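Residue numbers (the numbering used here): 7 to 224. Beneath this line is the structure, given in structure tokens, with notes to follow.
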Amino acid sequence: MKIEAVLNQFGPELLDLKDFRAFGLTLREKAEMSYAEIARGGGFSSRAHVREILTGDRPITEGSARKLTQGLRLAGNWKRYFRLLIAQSENELRPESWSPEKLQAHLEKLKQTLNRSKSRRDINADAKLTDRFLAVPHFLEIFAATGELGVGATLDQIAYRTQLEPLRVSQSLKQLEELGVVQFDKNSGHFVPQDYHLAISDAELSGHFHMAYVRGLE
């Protein structure tokens, strides 16, 4: 998995960690990186060197801190945040003239910045998903007619509820499956709606969806 995707998905969990070793081990696990990969990416002489730093069996130095950050493929504010985590654990690596309080203040500021960035990415992702969702023919009626979460409905039931041709419903359901908002259950033969919170803010559209949803459950 690309490191950007990992940081976007697990960023809040990583930001809750107070120690650079826990951060590094968690990121390694989530990104499915081997010690050898980190060692090669950072220019370490061996994978054992990386493992021993992250497990606390070997002290970290300024040089190995740079290599570890590079090996974990961190950049931008994530790189700065990780280096400050290291400095928080290792006083000798703290920037000169910085007190522990100043370092903590910078960590908190970076954490807020990273969280805001994730929120903006989530909003943009929701908006893009909604745009693709809106492009599916009769998406409101068909999605609503799939019924309750965890239950769903068959193709025939959806076609009956929407009064649309089964072939047209089938084509649209395939598109909704590709978007991840509907999943086909082979055991029950039902198309099951997933719990996606779509960024539909237009009042008229939201009202239309509500009416279609209610009608779909009848």
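We put the beta carbon where it would ideally sit given N, CA and C, even for glycine. Predicted model, so just to flag it, every value in this text is computed and none were measured.
- Task: Name the residue from 45, 84 and 15 whose alpha carbon lies nearest to the alpha carbon of residue 26.
- Result: 84
Next on the checklist: Rounded to whole angstroms, what is the Cα-Cα separation between residue 56 and residue 175?
Outcome noted: 54 Å
> In terms of residue numbering, what span does the beta strand (DSSP E) encompassing residue 196 cover?
Replying inline: 196 to 199
*From the DSSP output, in three-state form, read off residue 63 for me.*
coil
Rounded to the nearest angstrom, what separates residue 211 and residue 145 at their Cα positions? In this prediction, residue 211 scores a pLDDT of 40, lower than 50, which makes its location untrustworthy; the coordinate-derived value is nonetheless stated afterwards. One C-alpha to the other measures close to 12 Å.
Next on the checklist: Can you list, in chain order, the residues of its chain with a C-beta nearer than 7 Å to that of residue 160? Leave out the 5 residues immediately preceding and following it.
Outcome noted: 195 and 196
With 16 other CB atoms within 10 Å as the buried threshold, where does residue 157 fall? exposed
- [ ] For residue 188, write down the residues that DSSP places opposite it in a beta bridge.
- [x] 199
Review point. Who are the Cβ neighbours of residue 180 in its own chain at under 8 Å, not counting the five residues just before and after it?
Key: none
Am I right that residue 79 and residue 9 are in contact with their C-beta atoms under 8 Å? What's the rounded C-beta distance?
4 Å
Mark residue 33 as exposed unless 16 or more other C-beta atoms lie within 10 angstroms of its C-beta, in which case mark it buried. buried
For the candidate residues 28, 60, 24 and 29, whose alpha-carbon lies nearest to that of residue 41? 60
Taking the alpha-carbon positions, what's the residue 58 to residue 74 distance? 12 Å
- Where residue 151 falls, given that 16 or more other Cβ within 10 Å makes a residue buried: buried
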